[in-house]
Each structure stands twice: as C-alpha cells, then as structure tokens.
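*Asks:*
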Amino acid sequence: MSVYLKKEVWNILEKEDLKDLLKSLNNLPHTKIVSFLIGAFLHPKEEVRWKAIIGFGYIVSQIANKNLERARVIIRRLLWMLNEESGGMAWGVPEGFAEAMYNHDVLKNEYLSIFISYIWNTEDTLKYKADNYLEFPPAQRGVIWGIGRLAQKYRIDLLEKDAHFHVYKHLIESPDLAVKFLSLWSLNNLYPFPESFKMDSLKIKNAIDFLNKENFDYLMFDGKKIARKHISHLKKILKFL
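For my numbering, add 5 to where a residue sits in the sequence shown, where the first one is 1.
(1) Below 8 Å, can you find three or more Cβ-Cβ pairs linking the stretch 133 to 148 to the stretch 158 to 166?
(2) Here's a check: name, in chain order, each residue in its chain whose Cβ is nearer than 8 Å to the Cβ of residue 230, leaving out the five neighbours to either side.
(3) Quick check: residue 123 and residue 139, are their CB atoms within less than 7 Å of each other?
(4) Taking the C-alpha atoms as reference points, what is the distance between residue 237 and residue 72?
(5) Provide the residue(s) that pair with residue 233 in DSSP beta bridges, ordered along the chain.
(6) Going by alpha carbons, who is nearest to residue 184 out of 212, 20 and 34?
(7) What alpha helix (DSSP H) runs, 4 residues minimum, are completely inside the stretch 116 to 189?
(8) So, residue 66 versus residue 108, is the Cβ gap smaller than 7 Å?
(9) Would you kindly check if the distance between the Cβ of residue 17 and the Cβ of residue 29 is under 7 Å?
(10) What number of angstroms, rounded off, separates the C-alpha of residue 246 from the C-alpha of residue 9?
(11) Applying the 10 Å Cβ sphere with the 16-neighbour rule, what's the burial state of residue 154?
(12) Taking the Cβ atom as the reference point for each residue, do residue 244 and residue 193 lie within a distance shorter than 7 Å?
(13) State the start and end residues of the unbroken alpha helix (DSSP H) segment that holds residue 97.
(14) Just to confirm the assignment, what range does the alpha helix (DSSP H) spanning residue 7 have?
(15) Classify residue 244 as helix, strand or coil using the three-state DSSP reduction.
(16) If you follow the alpha helix (DSSP H) that residue 201 is part of, which residue opens it and which one closes it?
(17) Could you tell me the boundaries of the alpha helix (DSSP H) in which residue 35 lies?
(18) For residue 21 versus residue 58, is the C-beta spacing smaller than 7 Å?
(19) Provide the residue span of the alpha helix (DSSP H) that contains residue 219, from first to last.
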C-alpha cells in the first residue's frame with residue numbers, strides 16, 4: 006500500500022499542473038502521504054520539488070483542520086529536520102514549513118516566531134544571533150522565501166516580529182546570490198515598512214548591481230505560479246527603492 010501511495014503521489018507531482026495538483030492530493034489519505042511529499046522535496050526536478058512543497062503545505066493544513074495535534078507533530082518533525090543535531094541538510098523543509106503556516110492560521114500563530122528565528126540576526130538586541138540560526142545559505146534561502154510568501158497574507162504579523170530587519174541584513178551581508186535575490190523579493194512583499202526602519206539605499210543598489218552583473222535568475226513559486234524570475238524583472242517591480 007505504501008509503495009503504491011508513494012508512486013501515486015510522485016506521479017501527481019510529476020504530471021499534474023498546479024490547478025489540479027491539490028485536488029488530486031486531497032483525494033489521497035492525508036496523514037499517509039505527508040512523508041512522501043517530504044521525500045519529494047529532494048526530487049531531481051526543481052519544479053516537482055516546488056509542487057511537493059505546495060502540496061505539503063495544503064495537506065498539513067487539511068490535517069490541522071481535523072486534528073490539530075497531528076499537524077503539530079508534523080511541524081515538530083520539520084523542526085527536528087532543521088536542527089543541526091539531525092545530521093542532515095533539510096532541503097525544502099523551510100519552504101514546506103512556510104506553506105503549512107500560510108494555509109493555517111493556528112499553525113502560523115504558534116510557529117511564526119520560531120520560523121523567523123532561523124534567520125534571526127539579533128544585532129538589535131545586543132546578541133549576535135538566535136540559538137537556532139541557520140548558517141547554511143541554502144537553508145537561509147528557504148526561510149527568506151518563506152517570509153516573502155507569508156507576507157502575501159500575514160505582512161503585519163511579520164513586521165511586528167521584525168522580519169523585515171532580519172531579511173534586510175541578509176540582503177546586504179550575505180555573499181549568496183540566491184539569498185540576496187530572495188531577500189529583495191521578500192522585502193518587496195513586506196513593504197511598506199515601519200517608519201522607524203531605515204535602509205541604506207546605496208547598499209541595496211550594490212546588491213542589485215551584483216545580481217545584474219551575474220545575470221541572476223531563480224526558479225521559485227511566487228504564490229501564483231512556479232516560474233524562473235530574473236533580477237531585471239524583480240528590479241522593475243521593487244516598491245521600496
């Protein structure tokens with residue numbers, strides 16, 4: 006049965022578009038397909054990985070609607086996977102975590118602060134970083150993308166928790182091109198910022214110029230579709246410059 010379910014889940018992810026994806030996954034036993042969706046975070050095709058992330062967030066929200074504690078157990082599994090003691094790199098886990106919160110208010114209320122803390126540069130509180138700060142840039146990408154995604158629905162909640170400050174620090178300080186790119190996208194979704202928040206426009210321009218020089222693009226889910234985004238397009242839609 007489990008082998009059949011895994012094949013069924015992966016077949017849906019590989020062949021169906023976003024319009025039909027969630028409907029098809031919803032017809033399968035929710036709690037039994039969660040592990041297969043997490044496994045698909047490692048699929049060799051990027052587009053399929055994003056579909057798995059989107060499907061995971063939706064399915065966890067459906068589980069939470071029926072049995073909140075079961076959904077919490079799944080989230081705690083993600084927390085363990087993001088822990089350095091787990092011994093692995095949790096590819097796709099921050100993104101899946103964000104999608105689950107995006108789809109369910111209670112999960113968002115319970116776990117949003119923890120999620121932000123993964124990129125919590127605590128310079129503003131006289132401490133270098135949060136204890137669970139993710140040092141690995143690919144992991145930071147997932148969290149920063151997740152903040153941008155959540156900002157499409159919970160912008161005020163994120164601003165109240167200073168998410169914009171932490172994302173901005175990564176934009177100007179990270180050497181990772183994808184982290185810089187996703188930081189720009191997330192900040193754009195978080196805008197407008199509190200009046201007290203100040204940014205260095207020259208440092209932002211330098212980051213954009215660096216991405217332009219590298220002709221950078223990134224395949225991502227923007228909340229509507231999975232598509233490759235180029236820095237030239239992102240630069241045109243930035244609202245905070």
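For every residue, glycine included, the Cβ atom is placed at its ideal position computed from N, Cα and C. For clarity, every value in this text was computed on a predicted model and none was experimentally measured.
*Replies:* In this structure, then:
(1) no
(2) Along the sequence shown, one-based indexing puts residue 230 at 225. Around residue 230: 23.
(3) Taking the first residue of the sequence shown as 1, we reach residue 123 at position 118. Taking the first residue of the sequence shown as 1, we reach residue 139 at position 134. Yes, the pair counts as a contact, with Cβ atoms nearer than the cut-off.
(4) On the sequence shown, residue 237 is found 232 positions in, with the first residue counted as 1. On the sequence shown, residue 72 is found 67 positions in, with the first residue counted as 1. Approximately 44 Å, taken between the alpha carbons.
(5) The sequence position of residue 233 within the sequence shown is 228, counting from 1. 224, per the DSSP bridge assignment.
(6) Taking the first residue of the sequence shown as position 1, residue 184 is located at position 179. Comparing Cα positions, the closest option is 212.
(7) 142 to 165 and 168 to 178
(8) Numbered from 1 along the sequence shown, position 61 holds the residue referred to as residue 66. Numbered from 1 along the sequence shown, position 103 holds the residue referred to as residue 108. Result yes, Cβ atoms of residue 66 and residue 108 sit closer than 7 Å.
(9) In the sequence shown, the residue the question calls residue 29 occupies position 24. In the sequence shown, the residue the question calls residue 17 occupies position 12. Their beta carbons are under 7 Å apart, which means residue 29 touches residue 17 by this criterion.
(10) The residue you call residue 246 lines up with position 241 of the sequence shown. The residue you call residue 9 lines up with position 4 of the sequence shown. Rounded to the nearest angstrom, the two C-alpha atoms are 51 Å apart.
(11) As a working note, residue 154 is residue 149 in the sequence shown. Burial call: buried.
(12) On the sequence shown, position 239 is the one that residue 244 refers to. On the sequence shown, position 188 is the one that residue 193 refers to. Yes, Cβ-Cβ distance for residue 244 and residue 193 is below 7 Å.
(13) By 1-based counting over the sequence shown, the position of residue 97 is 92. First-last for residue 97: undefined, no H or E at that position.
(14) As a working note, residue 7 is residue 2 in the sequence shown. From DSSP, the alpha helix (DSSP H) with residue 7 extends over 7 to 20.
(15) By 1-based counting over the sequence shown, the position of residue 244 is 239. In the structure shown, residue 244 sits in coil (DSSP, three-state: anything other than H, G, I, E or B).
(16) Counting from 1 along the sequence shown, the entry for residue 201 is found at position 196. No alpha helix (DSSP H) holds residue 201; DSSP gives it neither H nor E.
(17) By 1-based counting over the sequence shown, the position of residue 35 is 30. Element bounds for residue 35: 35 to 44.
(18) Along the sequence shown, read from residue 1 onward, the residue named residue 21 stands at position 16. Along the sequence shown, read from residue 1 onward, the residue named residue 58 stands at position 53. Contact flag unset, no.
(19) Your numbering for residue 219 matches position 214 in the sequence shown. That residue, residue 219, is in no alpha helix (DSSP H); it is neither H nor E in DSSP.
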